[in-house]
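Q: Just so we're aligned, residue -8 is where the sequence shown starts under this note's numbering, counting upward by one.
We put the beta carbon where it would ideally sit given N, CA and C, even for glycine.
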Amino acid sequence: MILYSLYERRLQRELKGRRRPKHVAIMCDGNRRWARENGFTDVSHGHRVGAKKIVEVVDWCDEQDIESVTVYLLSTENLRRSAEELDLLMRIIGDVSDELAAAKGRFRLHVMGRLDLIPDELRERMRCAEARTTEHSGVHVNIAVGYGGRQEIVDGVQKLVDELAGKGVPSEEMSAHITDDAIGDHLYTSGQPDPDLVIRTSGEQRLSGFLLWQSAYSEIWFTDTYWPAFRRLDFLRALRDFSVRERRFGQ
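Here it is, written out as structure tokens:
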């Protein structure tokens, strides 16, 4: 623990004056594997510990003056899991939303994803948490639930086309209005900067459809650490790695 503390302080010193990401997106992966490898027969323990970690990591982002955080909590594919596991996950996601909303005005919540795919009770609970934070300043926290990157793009384009049709734009003229910027303005993260840094825990080295459009030029940082075991020094290492990368934005 002493060595970890010394290493953390060293990382903090190294980060002083360095470039920080404005928007960090996090794939909170590995809860079930962490539970199994730590001897728990009930993988729900991993989800509970992982939920506490979400609030902790958002606090770390606040400490580092990061403006936006997107946490990937439940994909559309995850909705195929057993009813028992999903019921627990829904309750945990609701608890996380309430805890973030209660953080004395520090966080502003935005719920994103196919909310029609989640139970009415959770959807209402998350919407209420979101509404309680509309006047909050501080970190903008996007909670991705029932989320799929391809579906987000489809939803965005459909929303844009519907808007153009509502304005009376003829179908033969619509293609000229369907631009990169126009599509971006109709995605779930409309009005926010694209993520500068995407962090994925658990050793998996792919984005799995997470923020497909927005992460085109993001820096990606992978770690073998499972989400419940993700430490502050792991987070600081990710920021340090980001600070020394040369961002090319496709050039």
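So the alpha helix (DSSP H) residue 45 belongs to, where does it begin and stop?
A: Position 54 of the sequence shown holds residue 45. Unbroken alpha helix (DSSP H) run through residue 45: 35 to 54.
Q: Check whether the Cβ of residue 77 sits closer than 7 Å to any heavy atom of the ligand COA, and report yes or no.
A: In the structure on display, the ligand COA does not appear, and there are no ligands present to speak of.
Q: Reducing DSSP to helix, strand and coil, say where residue 226 ends up.
A: Here residue 226 refers to the residue found at position 235 of the sequence shown. Of the three classes helix, strand and coil, the one that applies to residue 226 here is helix, per DSSP.
Q: On a Cα-Cα basis, can you pick out the residue from 31, 85, 52, 127 that is closest to residue 227?
A: Numbered from its first residue, the sequence shown carries residue 227 at position 236. Taking only the C-alpha atoms, the option nearest residue 227 is 52.
Q: Tell me whether residue 12 is buried or exposed, calling it buried when 16 or more other Cβ atoms sit within 10 Å of its Cβ.
A: Here residue 12 refers to the residue found at position 21 of the sequence shown. Flag for residue 12 reads buried.
Q: Within the continuous alpha helix (DSSP H) that includes residue 141, where are the two ends?
A: By 1-based counting over the sequence shown, the position of residue 141 is 150. 140 to 157 is the span of the alpha helix (DSSP H), which, as asked, contains residue 141.
Q: Kindly indicate the opening and closing residues of the beta strand (DSSP E) around residue -7.
A: Within the sequence shown, the letter at position 2 stands for residue -7. Looking at the DSSP string, residue -7 is not in any beta strand (DSSP E); the run it does join, the alpha helix (DSSP H), is -7 to 6.
Q: For residue 8, is the classification buried or exposed, using 16 other Cβ atoms within 10 angstroms of its Cβ as the cut-off for buried?
A: Here residue 8 corresponds to residue number 17 of the sequence shown, with the count starting at 1. Its Cβ having fewer than 16 others within 10 Å, residue 8 is exposed.
Q: For residue 243, collect the residues of the same chain with a Cβ closer than 8 Å to its Cβ; drop the 5 residues on either side in sequence, then sort them by chain order.
A: An answer regarding residue 243 cannot be provided, because it is not within the stretch -8 to 242 covered by the chain.
Q: Report the three-state DSSP secondary structure of residue 22 (helix, strand or coil).
A: As a first step, residue 22 must be located in the sequence shown, where it is residue number 31. Three-state result, residue 22: helix.
Q: Quick one: complete alpha helix (DSSP H) runs, 4+ long, within the region 157 to 197?
A: Segments of the alpha helix (DSSP H) lying fully in the region 157 to 197: 171 to 175.
Q: How close, in whole Å, do the beta carbons of residue 223 and residue 6 come, if the pair is a contact with beta carbons under 8 Å?
A: As a working note, residue 223 is residue 232 in the sequence shown. As a working note, residue 6 is residue 15 in the sequence shown. Residue 223 to residue 6, Cβ: 12 Å. No contact.
Q: Do residue 108 and residue 85 come within 8 Å of each other at the CB atom, strictly closer than that value?
A: Position 94 of the sequence shown, counted from the start, is the residue given in the question as residue 85. Position 117 of the sequence shown, counted from the start, is the residue given in the question as residue 108. No, they are not a contact pair.
Q: Determine the direct distance from the alpha carbon of residue 42 to that of residue 3, and round the result to whole angstroms.
A: Sequence index remark: in the sequence shown, residue 3 carries index 12 (1-based). Sequence index remark: in the sequence shown, residue 42 carries index 51 (1-based). Taking the straight line joining both Cα atoms gives about 25 Å.
Q: For residue 77, which option in 178, 58, 99, 110 has the closest C-alpha, if you only look at C-alpha atoms?
A: Indexing the sequence shown from 1 puts residue 77 at position 86. With distances taken between Cα atoms, residue 77 lies closest to 110.
Q: Could you tell me which of 40, 132, 146 sits nearest to residue 61, measuring between CA atoms?
A: Stepping through the sequence shown from its first residue, residue 61 is reached at position 70. Selected option, being the one with the closest Cα: 132.
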